[in-house]
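Residues are numbered in this note's numbering as their position in the sequence shown, beginning at 1, plus a constant of 37.
Ideal placement from N, C-alpha and C gives every residue a C-beta, glycine not left out.
Okay, structure first, notes after.
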Amino acid sequence: MGSSCSKNNNATPTTDVVVTTNDTVATIYNDSNSCLLAVQFDNEKAIRVLKYLSAKDEWTICHEIPVKGLYRATIVKQYLLFHDWQNGVRVCCYDTTTRVIRTLKPLKEDQPYWSCYCATEFQERLYLIGADTEDNRKVYVWDPESDVLTEAPKLNIGRTRTTALKHEGYLYVAGGMVTKDDMVSYNARDTNSVERFNPRRNCWERCAPLLQAHSGGEWLKEVSRRNL
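Right, here's the structure in full:
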C-alpha cells in the first residue's frame with residue numbers, strides 16, 4: 038500500500054510535455070525551454086520534425102526521418118523516439134545530434150492494440166506503463182542509449198490506457214482502464230485511481246483519486262502556479 042500525496046509549495050520545474058493536436062502532428066516542448074518542435078507523421082513517406090524560430094515567426098524543417106508506420110513521439114536525452122502503431126514493439130530511435138536511426142525492440146512481444154500502453158520520459162529514461170499483457174501492474178524502464186530494459190516497482194493498481202506526467206520530482210499516473218481477472222478488454226473499466234512514483238523511496242504512492250474515472254489521451258498537464 039502506498040501513502041497519500043501531500044501538497045508541495047516548492048517552485049514547479051519545467052517538464053517535457055507532449056500535446057497531440059490531431060492525428061498526425063504532436064508538439065513537443067523540451068526541458069531547457071530552448072525550442073518548440075512539431076512532429077508531422079506521414080505513413081506513406083517520412084516523419085518531419087519542424088522547429089519554430091520565434092525571432093522570425095516561422096517553422097523550418099530540422100529533421101526528416103525516412104521511416105513509415107510510426108506514431109507518438111517522446112524525447113529522452115537527445116533521442117526522438119517513435120512507436121510502431123501496429124504492434125507497439127518497434128521503436129525508431131533517432132539521435133538528433135548524429136542523425137543516426139536505430140530500430141529497437143525494448144518490448145519483445147507484440148502488444149495488443151487495445152491495451153494502449155503509456156510511454157513517458159522520467160529521469161532520462163522511458164517509462165512503459167501497462168505494457169505487460171500478463172501483469173499490467175508492471176512498469177518497465179528503458180534506456181534508449183544502451184538499449185537496456187529493466188523493471189521498476191509495480192503499480193498499486195494495474196492499468197492500461199493511462200496518462201502520465203512528471204511533476205516536482207515525481208512521476209504521476211492518473212486514470213486508465215483496469216481489469217478484474219485478466220487482460221480481456223470486455224472486462225475492463227475506467228478508473229479514477231492516481232499514483233505517483235517516488236524515486237527517493239523507490240515505490241509508488243497512492244494519491245487522492247480523480248473526481249471522475251477517465252482513460253485514454255494525454256489530459257494530465259502541468260502549468261505555472263501563477264496561471265491558476
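Exercise for review: Within the same chain, show all residues whose beta-carbon is closer than 7 Å to that of Thr216, passing over the 5 residues directly before and after it, in chain order.
Suggested key: Taking Thr216 as the centre and dropping the five residues before and after it, the same chain places the C-beta of Asn224, Ala225 closer than 7 Å to its C-beta, in chain order.
**Study point:** Leu141 versus Phe159, Leu118, Cys153, residue with shortest Cα-Cα distance
**Key:** Leu118
Exercise for review: From the DSSP output, in three-state form, read off Asn173 for me.
Suggested key: coil
Review point. Whose C-alpha, out of Thr134, Leu247, Met214, Ile102, is nearest the C-alpha of Val113?
Key: Ranking the options by Cα distance to Val113, first place goes to Thr134.
Check your understanding: Exposed or buried, what is Asn173 when buried is set at 16 or more other beta-carbons lying within 10 Å of its beta-carbon?
Key -> buried
**Study point:** Residues near Gly195 in its chain [Cβ-Cβ closer than 6 Å; skip 5 each side]
**Key:** Asn173, Arg174
Check your understanding: DSSP three-state call for Asn235: helix, strand or coil?
Key -> Reduced to three states, the DSSP call for Asn235 is strand.
Review point. What do you reckon, are the CB atoms on Leu107 and Ile84 nearer than 8 Å?
Key: yes
Check your understanding: Where does the unbroken beta strand (DSSP E) through Glu95 begin, and where does it stop?
Key -> Per DSSP, the unbroken beta strand (DSSP E) holding Glu95 starts and ends at 95-102.
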